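K.L.:
For reference, the structure I am asking about is given below.
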Amino acid sequence: MTLDPIQIEIIRNALVAAAEEMSITVWRTSRSSIVRENLDYSTAVFDADGQSTAQSARMPVHLNSMASCLEDILAHHIPVEDWQDGDIIITNDPYSGGQHLPDVMTFMPVYLGEERIAIAGILVHHLDVGGGAPGSFDPNATEIFQEGFRIPPLHLQRGGVFNKEVEMLFLRNTREPEKVGGDFLSQIASLEIGAANLRRVAKRYGAATLREASKQIQAQSEGAMRAAIASIPDGRYEFEDFVDNDGITETPIRIHVTLVVTGDTMEVDLGESAEQAAGPVNCTRNMTNSAVFCGIMMAIDDHIPANAGCYRPITIKSTPGTVVDAQSPAPVANRMAVGHRVVNTTMGAMAQALPGRVAAAYYGVSFVYAIGFEHDDGSRQVYFDIECGGWGAHPTADGASGFSCGFHNISNGPVEMIEIDYPVTFTEYAFANNTGGRGRKRGGLGLSRAFRIDSPKATFTANLDRFSNPPYGLDGGERGGPASLSITRADGSVEELKAKVRSLPVKSGDIVRLQTAGGGGYGNPSERTTEDREADLLDGYVTEARS
Amino acid sequence: MNNSVRIAVDIGGTFTDIQILVEDTGQSFAHKTPTTPEDPSVGLLKGIREASELFSFDIADVSALMHGTTIATNAVLQRRFPKAALLTTKGFEDVLEIGRHVRKEVYSQIGEERLVMVPRRYRFGVTERINVAGEVETALDEQAARETIEQIRNEDISVIAVCLLHSFTNPAHENRLEELINEQIPNAYVSISSRTSPQAREFERTSTTCLNALLMPVVRDYLDRLDARMNEAGFRAPVFLVQSNGGVTTPDIAREQPVRLVLSGPSGGAKAAETLSRQLDEPNLVAVDMGGTSFDVSVVENGATRLRSEGEIDGAPVRLPMLEIRTIGSGGGSMASADSTGRLTVGPQSAGAVPGPVAYLRGGTEPTVTDANLALGRIDPEYFLGGAMPLDADASARAVADRIASPLGLTPESAADGIVRIAISDMAEAIRLSLFEKGLDPADFALISFGGAGGLHTALVAEELGASRVLFPRSSGTLSAWGMLFADIVQDVVRSRLTPANHEGASTLKPLLADLIAQGAGLLERSGVDAASRHYELAFDMRYPGQGYELGVEAPDADLDDSTMTRVVERFHQQHKVLFAHNEVDVTPDIISIRLRAIGRLEKPDDVVFKPEPGEATKSNRRIYIGAGWHDVAVHERDRIGVGDIVNGPAIIEESHSTIVLPPNWTARVHPTGVIAADRETG
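Sequence order for the protein chains is A and B.
All residue numbers for the first sequence refer to our numbering, where the first residue is 9 and numbers rise by one.
All residue numbers for the second sequence refer to our numbering, where the first residue is 38 and numbers rise by one.
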């Protein structure tokens with residue numbers, strides 16, 4: 009069957025809209041702030057064989073993570089013959105295609121009559137799935153068993169009959185059963201919305217047309233990706249970067265990428281990366297894949313619609329038992345630490361392949377911290393936040409300061425709303441001067457964020473990085489400023505803290521100060537124009553002493 | 038007999054649209070004159086003079102001028118900002134630039150431009166701190182503040198925004214800084230956040246306050262010029278300026294709060310949609326406005342356009358009530374392109390007005406949606422803009438054939454039809470999502486077609502959407518000015534204060550409401566509204582404790598006792614359920630902000646019955662491509678079709694600035710107001 013490009017484009021619009029409607033439904037009906045405000049979820053439409061066709065990925069970290077999870081489930085756990093109309097398959101197991109335990113993935117096959125025409129998929133980050141710390145984010149975990157409740161790929165619903173017992177078991181294992189229960193229902197309801205939409209599309213255009221259009225949509229992305237790779241000179245390109253440590257030991261963790269470009273294909277080998285870590289910074293292969301694709305998409309910068317076709321020209325290799333290919337039971341909760349660094353490293357290798365076209369390193373960390381308050385009446389409250397830093401300078405532009413980049417895409421909460429909701433008072437939220445890596449183009453500045461604790465009993469936890477190994481510069485550009493963390497006690501004494509902090513007691517009057525990393529510079533600093541230099545001084549991004 | 042006329046003027050990029058309403062008869066007339074971009078008030082006065090001759094009224098008989106202006110909007114879009122300074126709480130000078138730090142372009146290597154209205158060198162921290170309870174934690178260091186203001190004065194800056202943390206709870210420090218600035222820099226333009234947008238969320242409030250300060254000199258200059266020209270012309274009638282909230286305000290108030298004009302563009306259209314909704318007794322409408330570069334969707338539900346509490350311009354938040362509009366970059370000028378992988382895309386690039394579609398022969402080479410319509414015979418190249426601008430349909434057809442059909446192996450007509458169909462599927466999805474995110478179903482809505490390119494596409498969009506009724510108002514290109522004739526004076530005032538929505542909250546908020554009513558009444562007084570025409574609407578921004586977003590909930594009346602509070606809480610739970618599919622009826626919600634809408638009602642004209650022009654309605658036949666084939670269809674002259682007459686599709690209905698395509702299986706009837714209602718045969 010041949011389709012004209014008009015039918016393909018109209019069906020593409022309809023499939024993207026189906027993914028978008030699932031996404032709106034999750035947003036509209038979920039309960040928790042992590043879904044509603046941090047938008048930590050994604051939706052996708054797959055063809056009947058499980059190949060991704062359309063996504064509404066809100067964060068690159070979710071790109072492709074569902075696709076490789078589904079592939080894993082079909083290949084190793086529940087073959088497609090065991091899927092039928094009205095089924096829902098669920099898993100959160102990092103070792104069966106997942107990322108970390110809070111990310112619960114659900115898939116629903118969609119049928120028109122007897123024929124499977126598509127699969128709808130939704131990933132939602134749930135607030136808490138048990139384990140050693142609230143939010144299932146225990147920085148001291150050394151085994152996945154300490155990180156929470158694990159669901160292997162299984163039928164949550166079979167032939168339209170929902171297995172309530174799975175839900176009961178799951179909710180019995182979370183600290184926040186009401187919110188997680190609400191988000192869980194929303195996730196299931198949204199799948200049904202997606203399935204209904206996909207049936208409507210199939211009815212309107214015919215199952216065979218839909219199948220063929222899905223193939224063509226993937227083929228168009230594959231063609232565009234191959235063309236982009238073909239324009240990169242054939243060759244072998246290497247790069248390495250480091251994560252500070254895993255929070256358990258002090259050893260830097262090496263991430264190494266070898267890129268081999270041959271014609272219109274690319275091989276990405278991470279085989280020489282460090283052995284898997286004792287602490288929870290490890291990535292499973294699916295997580296690593298997602299980071300590699302993110303780095304390549306950013307470096308290519310070509311607005312190719314993301315679907316299974318994009319991934320076909322790219323082969324990813326790794327060594328099992330390394331930090332980028334962790335094996336059970338390695339802990340993975342803080343997988344973003346290595347994940348961001350895989351993006352940094354992949355872009356670094358791409359910069360060798362495409363000199364003058366790729367930016368220096370962005371901050372490369374989700375700067376996560378949380379304060380647990382224990383109030384006088386015995387009630388507990390958790391203030392959880394994530395910060396970003398400076399972008400790497402691009403050959404044509406300075407890096408953006410204090411702006412979400414790379415693997416994640418996060419919003420900050422208004423200081424006034426945080427103060428309304430939690431016993432803290434901010435003393436600073438500003439760019440951290442002199443943290444942009446020097447260069448012909450300057451890296452973006454990190455952020456400085458400080459707040460006073462206004463509660464007699466609280467604990468502070470942080471999962472940070474880029475303290476000892478700040479973001480790299482390129483082509484003579486210097487490194488960005490490192491991140492740092494300190495606490496000024498009520499009595500005036502100052503403690504410098506490490507990047508990973510678990511449950512440090514804090515109390516009224518203590519001031520916590522976090523500085524996030526700046527981006528790397530691009531090009532020799534001596535080539536920076538006088539005009540740019542003067543502007544930096546006038547605006548105080550760079551102060552006299554350092555220019 | 039009363040000869041008074043009300044005038045509405047909508048100044049667009051190319052044309053200034055004028056509507057004249059004879060208040061006694063309700064009859065209205067339209068006039069168009071070229072816009073004078075360097076000083077729009079020149080074109081405005083010229084247009085009014087022309088109209089007074091054309092429609093024989095005396096300038097002295099004008100009772101009111103409703104003025105839609107893009108002067109504020111354009112200043113922002115073109116970054117025509119004066120040099121300005123910002124004072125903040127020390128340590129928070131960068132809040133304006135940091136923003137919410139979420140990006141739109143997910144895979145970009147270069148951070149997208151953020152609209153930073155005041156550069157860092159002119160942002161100054163002031164030693165002071167008000168805490169969350171509104172108590173002074175650190176007193177204002179007046180000595181240091183005076184030194185900072187001196188520094189600003191030495192920089193020759195006279196536009197100053199002030200935004201301090203928690204000033205919406207306790208404005209004392211902002212008020213004091215304003216006094217100090219006025220002492221040290223006489224005639225400065227000062228905007229303080231506790232007056233411009235007294236609501237929690239420091240970035241959004243700072244952004245709104247900075248925009249307000251920056252626009253003060255821009256709007257003042259314009260209003261001064263307008264005033265001078267009006268005086269010269271002997272124009273004595275009061276002038277009202279259209280705001281972003283769908284209402285109008287006086288020039289006097291607009292000089293202090295110019296940011297309230299910045300997103301006023303869609304207000305006239307929304308008023309038109311609401312007025313037509315009432316006249317046609319169609320309470321639920323989706324208004325679609327398709328012009329050259331964009332497609333706007335707004336929803337009229339139960340006769341009223343939805344408002345939202347915040348909008349944005351060029352990424353900068355404006356925290357003031359405004360009409361809720363969804364815009365996508367799909368218009369007559371959207372360009373089609375065929376890429377190397379065999380993909381056909383339409384938009385988001387647009388040919389705009391220059392070079393415009395290929396058919397304009399102004400250098401455009403890529404076929405646009407307008408070119409595709411020409412190639413399909415749906416637009417008469419001799420009758421574009423009533424014949425004022427002849428088009429080259431052959432050039433359009435060639436561009437479609439060369440650039441799209443042959444690289445993709447399509448016939449020329451299927452390529453042209455495909456371009457239109459892809460644009461239509463984009464528009465239909467935009468409408469579907471607009472309704473879906475509010476929990477509404479397209480099948481419950483009729484579409485109403487606005488904009489120069491609306492007539493060509495709206496019935497096809499309805500088909501794609503599964504809707505079966507489309508309304509085509511007359512003169513759809515000038516409806517915005519017509520809608521302004523029906524606007525009221527609307528002054529929105531607000532205050533943030535976190536309280537539980539219960540008896541305790543009601544007593545906390547009661548004095549605040551009294552303040553707001555006094556403030557609203559003061560603004561209406563200044564606008565010349567007599568006490569009998571004043572009307573107040575009370576609403577709250579509410580949430581469940583801990584939620585990071587609020588829902589707007591209207592109170593039954595502008596009174597605040599326990600029974601009001603009970604009703605409001607019930608409504609909140611109910612709205613939460615409709616919008617988010619769940620609620621928690623046992624939880625006492627929080628109130629974050631209290632809002633008052635002070636309305637000065639202006640008299641509304643009576644509805645007028647449409648009288649067709651004499652003559653045969655069917656003027657010719659044309660060959661058009663529609664429904665996958667060429668058809669010879671009748672072309673009707675819109676103004677000659679009588680009330681109640683029926684036109685069966687496929688057909689073309691033309692008026693001077695727009696063409697309606699009626700597809701097969703559609704039937705159109707003229708409503709007594711002159712609106713054409715088209716229905717699709719279903720089943």
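C-beta: ideal position from N, C-alpha, C; glycine also.
Remember, predicted model here, so these are calculated numbers, not experimental data.
(1) Say whether the region 283 to 296 of chain A touches the region 343 to 357 of chain A, bearing in mind that this needs 3 or more beta-carbon pairs closer than 8 Å, one atom from each stretch.
(2) Span of the alpha helix (DSSP H) holding Met426(B)?
(3) List the residues of chain A that Ser462(B) touches, going by C-beta distances under 8 Å, in chain order.
(4) For Arg43(B), count the other beta carbons within 10 Å of its own beta carbon; 16 or more makes it buried, fewer makes it exposed. Which is it?
(5) So what does Ala62(A) bridge to, in DSSP terms?
(6) How many Å lie between Leu512(A) and Thr467(A) at the Cα?
(7) I believe Leu11(A) touches Glu220(A) by the beta-carbon criterion, under 8 Å. Please report the beta-carbon distance rounded to the nearest angstrom.
(8) Short check: CB of Gly105(B) to CB of Gly384(B), under 9 Å?
(9) In chain order, what residues of the same chain have a beta carbon less than 7 Å from the beta carbon of Ser314(B), not counting five sequence neighbours either side?
(10) Whose C-alpha, out of Arg563(B), Phe52(B), Asp529(B) and Asp599(B), is nearest the C-alpha of Lys547(B)?
(11) State the DSSP-derived secondary structure class of Asp318(B), mapped to helix, strand or coil.
(12) Determine the direct distance from the alpha carbon of Val334(B) to that of Phe434(A), and round the result to whole angstroms.
(13) Compile a chain-ordered list of the residues in the region 572 to 604 of chain B whose CB is closer than 9 Å to at least one CB of chain A.
(14) Measure the Cβ-Cβ separation of Phe52(B) and Thr70(B) and say whether it is below 9 Å.
(15) Would Ala209(B) pass as a contact of Val173(B) if the rule is Cβ separation under 9 Å?
(16) Quick check: the region 403 to 411 of chain A against the region 449 to 461 of chain A, are at least 3 beta-carbon pairs closer than 8 Å?
(17) What is the DSSP secondary structure of Val300(A), reduced to helix, strand or coil?
(18) State yes or no: is the beta carbon of Thr404(A) nearer than 9 Å to at least one beta carbon in chain B?
(19) Using a Cβ-Cβ cutoff of 8 Å, what residues of the region 383 to 399 of chain A are near chain B? List them in chain order.
(20) Out of Ser326(A), Ile261(A) and Ala357(A), point me to the one whose CA is closest to Ile304(A)'s CA.
(21) So, is Ala654(B) buried or exposed, given that buried needs 16 or more other C-beta atoms within 10 angstroms?
(22) Determine, for Thr217(A), whether the minimum Cβ-Cβ distance to residues of chain B falls below 9 Å.
(23) What residue does the alpha helix (DSSP H) around Gly105(B) start on, and which one ends it?
(24) Ignore the nearest five residues each way along the sequence and tell me which others in Met67(A)'s own chain have a CB closer than 6 Å to its CB.
(25) Can you tell me where the beta strand (DSSP E) with Val42(B) in it begins and where it stops?
(26) Considering only their Cβ atoms, is the gap separating Val509(A) from Gly143(A) smaller than 9 Å?
(27) Excluding the 5 residues preceding and the 5 following Thr245(B) in the sequence, name in chain order all residues of the same chain whose CB lies nearer than 8 Å to its CB.
(28) Buried or exposed: which applies to Phe332(B), given that a residue is buried once 16 or more other Cβ atoms fall within 10 Å of its Cβ?
(29) Helix or strand or just coil, what does DSSP make of Lys325(A)?
(30) Could you list which residues in chain A have their beta carbon closer than 7 Å to that of Ile729(B), in chain order?
(31) Report yes or no: is there a C-beta of chain B within less than 9 Å of the C-beta of Arg39(A)?
(32) Taking the CB atoms as reference points, tell me whether Leu428(B) and Ala396(B) lie closer together than 9 Å.
(33) Secondary structure at Thr704(B), three-state DSSP: helix, strand or coil?
(34) Where Glu293(B) and Met253(B) are concerned, what is the direct C-alpha to C-alpha distance, given to the nearest angstrom?
(35) Spatial neighbours of Phe375(A) within its chain, please: C-beta separation below 6 Å, excluding the five flanking residues on both sides.
(36) Can we count Ser38(A) as close to the ligand MN, meaning its CB is less than 8 Å from some heavy atom?
P.N.:
With the structure as the only source:
(1) yes
(2) No alpha helix (DSSP H) holds Met426(B); DSSP gives it neither H nor E.
(3) Glu17, Ile18, Asn21 and Ala22
(4) buried
(5) Val53(A)
(6) 5 Å
(7) 5 Å
(8) no
(9) If we look at Ser314(B) and ignore the five residues flanking it on each side, its Cβ neighbours are Pro320, Leu322, Val337 and Gly340.
(10) Asp599(B)
(11) coil
(12) 40 Å
(13) Pro582, Gly583, Gln584, Gly585 and Tyr586
(14) Yes. Within cutoff.
(15) yes
(16) yes
(17) helix
(18) The beta carbon of Thr404(A) falls within 9 Å of a beta carbon belonging to chain B, placing the residue at that interface.
(19) Flagged, chain order: Cys396 and Trp399.
(20) Ala357(A)
(21) buried
(22) no
(23) Careful: Gly105(B) lies outside any alpha helix (DSSP H), inside the beta strand (DSSP E) at Val99 to Gly105.
(24) His416 and Asn417
(25) Val42 to Ile48
(26) It is not a contact, given that the beta carbons lie outside the stated cut-off.
(27) Ser230, Thr233, Ser234, Val296, Pro354, Val355, Arg356 and Leu357
(28) buried
(29) Lys325(A) falls in the strand class under three-state DSSP.
(30) The displayed coordinates of chain B run from 38 to 720. Any statement about residue 729(B) would go beyond what the structure contains.
(31) yes
(32) yes
(33) strand
(34) Straight-line Cα distance between these residues: approximately 7 Å.
(35) Glu395, Leu472 and Thr524
(36) Ligands are entirely absent from the displayed structure, and the ligand MN is therefore not among its contents.
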